[in-house]
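Numbering (our numbering), first residue to last: 24 to 65. Heads up, the beta-carbon is just placed ideally off N, CA and C, and yes, glycines get one too.
This is the structure in structure tokens:
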């Protein structure tokens, strides 16, 4: 069984604070984006 997770960044925190453009596809890219956002906005 596979799992699909969809998250919509309505306020564009990833783009504005972490400098990440969307869509973010794949496990590695999602982890990278999460780390960048956590570092930019703890």
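Query                                                                                : Result
Residue 43 beta carbon less than 7 angstroms from that of residue 62                 : no
Three-state secondary structure (DSSP) of residue 59                                 : helix
Collapsed DSSP secondary structure at residue 53 in the structure displayed          : helix
Between the CA atoms of residue 51 and residue 34 - distance to the nearest angstrom : 23 angstroms
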